[in-house]
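I have placed the structure first, in the form of C-alpha cells, so that the comments after it can refer back to it.
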Amino acid sequence: MTVIQADDDTIVLDNVQHFYLEHIFESGQCFRWNASSEGSYIGVAMGHVLEIRQQGPNVVLHPCTMEEFERVWRRYFDLDADYGAIKHSLAGDPTLDKAMEFGYGMRLLHQDPWECLISFIISANNRIPRIKGIIEELSMRYGNQLEYKGRIYYDFPSPNELARHTPDEICECRCGYRAPYIVETARIIAGGEIDLKAIESMEYHEAHRALMKLPGVGPKVADCVLLFGMGKGEAFPVDVWIKRVVEQLYLPNASLKDIKKWAYQRFGRLAGIAQQYLFYYIRENSR
DNA sequence: TGGCAGGGTCATA
DNA sequence: TATGACCCTGCC
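Going letter by letter, the first sequence gives residues 1 to 287 in UniProt numbering.
So, in C-alpha cells, the structure goes:
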C-alpha cells in the first residue's frame with residue numbers, strides 16, 4: 001500500500017490488500033457508517049466526518065489531509081495489520097475457511113473506546129437498525145456539529161455531555177431501560193472514577209473485569225469494547241449467533257465460559273477476528 | 001392485529 | 001448457576 005496525497009483534502013491509498021468497505025462496515029462492529037447513493041460510505045468517527053470509496057485496488061478518503069490520515073485513519077482502519085498472514089494462521093477449519101472467504105476484506109476497526117462502550121450498552125437485547133437510530137439521535141441532540149458537502153453531521157457526545165442529563169432526557173432517544181445505564185456510566189467516566197485509558201493498557205482479563213464494573217456492561221459488551229475499541233484480539237464476544245454456531249459445530253451444550261475458553265485455546269490473540277468472520281458469515285447467511 | 005424475539009444485563013433465589 | 005423482566009420495533 002502506498003499513501004498518496006491527491007490534493008489538499010484527498011488521500012488515496014494505492015493498491016490496498018484485504019480491504020472491502022461493505023464487509024468492514026456491515027459486519028456489525030460499528031454503527032455510524034452509511035452507504036451513500038454514489039457507492040461510497042460516509043461516517044462520523046474520532047471527531048471527523050469522512051467519505052470513503054473504493055476505486056479498483058485503490059481507496060479514496062475525503063476530506064482528509066496527510067496529517068489526519070496518519071493521526072487517525074491509519075490506525076482506525078487497522079492498515080498496518082497483515083490480514084494475509086492472519087488468514088493464513090486461521091486457515092484449516094472448514095467453517096472458518098468459508099467465513100473468511102465470504103467476509104473477504106473485513107477488518108477490525110480501532111474505534112473510540114468511549115463511543116464503543118455506550119454503543120454496545122445500547123446494543124443489549126436490541127436490533128442493529130434500532131441501535132443505529134438511538135446512537136444517531138444521541139449524537140444529534142448532544143454531539144458537536146460537523147459540516148460536509150452542505151450537510152450537518154454530529155459527532156458522538158462526550159462523557160461530560162451525557163453525564164449532564166437525566167435518564168428521562170436520555171430516554172427521549174428511545175433507548176428505553178438502557179437510559180440509566182448510559183447516564184450512570186457517563187458519570188463514572190466523566191468523574192474519572194474509572195479511566196478507559198488505564199483499562200486499555202491493562203492485560204485482557206483484568207481489563208474485562210474492570211469494564212464489567214460499569215452499569216449495563218456484562219461479559220458480551222465488555223468483550224465488544226475490548227475488541228472494537230481497545231485492540232484486544234483475545235476478546236471473543238459471545239452473542240446468541242456465536243453461541244448457536246459454536247454449540248452446533250464444536251461444543252454441544254457449552255456454557256459461555258466454555259465457549260470463551262475454547263476460543264482462546266483455539267485462536268489465541270486471533271480469537272476476536274475469528275469471531276468477527278464467523279459472526280458476519282452466519283448472520284448474513286441465515287436470513 | 002397480537003405475539004414474539006432481538007448482537008444482553010441485572011436482580012433474585 | 002439459572003430464570004424472568006425489560007424499552008422498543010419490525011416481522012410473521
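Where is the CB? At the ideal position from N, CA and C, for every residue including glycine.
For residue j and residue i, the rounded distance between their alpha carbons
i, j, result
"P129", "E284", "15 Å"
"S286", "E203", "35 Å"
"T10", "V59", "11 Å"
"L196", "F19", "29 Å"
"M212", "S119", "15 Å"
"E172", "D14", "45 Å"
"A198", "E115", "16 Å"
"T65", "D8", "6 Å"
"A179", "G56", "44 Å"
"F31", "L109", "12 Å"
Residues near residue i by beta carbon distance below 7 Å, same chain, minus five either side
i, result
"P157", "L138, S139, Y142, G143"
"R187", "A163"
"L249", "T95"
"L251", "D258, I259, W262"
"L270", "I86, S89, L90, G233"
"Y181", "I121, P215, G216"
Nearest to residue i (by Cα), restricted to the options the options
i, options, result
"I273", "L96, A198, V246, C175", "L96"
"I170", "P159, N160, V183", "V183"
"F236", "D82, E22, Q29", "Q29"
"L21", "K98, Y154, G39", "G39"
"Y281", "L61, N126, V245", "V245"
"V238", "D112, Y264, A186, Q17", "Y264"
"Y177", "N126, N34, E70", "N126"
"H62", "Q55, V49, P159, R74", "V49"
"F228", "R107, P215, G216, I152", "R107"
"T185", "L79, I121, Y104", "I121"
"I131", "S201, R174, C64, T166", "R174"
"E68", "G133, M1, S123, Q5", "Q5"
"W241", "V72, G105, F279, H205", "F279"
"W73", "G231, Y154, A45", "A45"
Same chain only: Cβ atoms within 6 Å of residue i, ignoring 5 sequence neighbours per side
i, result
"M100", "K87, Y277"
"I259", "V238, V246"
"F25", "W33, Y41"
Same chain, Cβ closer than 8 Å to residue i, neighbours up to 5 away in sequence not counted
i, result
"N34", "Y41, I42, G43"
"D80", "R74"
Residue i Cβ short of 7 Å to the ligand PLP heavy atom set
i, result
"I242", "You won't find the ligand PLP in this model; it holds no ligand whatsoever."
Entirely enclosed alpha helix (DSSP H) segments - the segment 62-137, minimum 4 residues: Listed in chain order, they are 83-90, 94-102, 113-123.
In the segment 187-271, which residue ranges form an unbroken alpha helix (DSSP H) of at least 4 residues, counting only runs that do not cross its ends? DSSP assignment within the segment 187-271 yields the following whole alpha helix (DSSP H) runs of 4 residues or more, N-terminal first: 196-200, 204-211, 219-228, 240-249, 256-267.
To test your reading of the DSSP string, which unbroken beta strand (DSSP E) runs of 3 or more residues are found completely within the segment 35-62? Fully contained in the segment 35-62 are the following beta strand (DSSP E) runs of length 3 or more, in chain order: 41-45, 48-55, 58-62.
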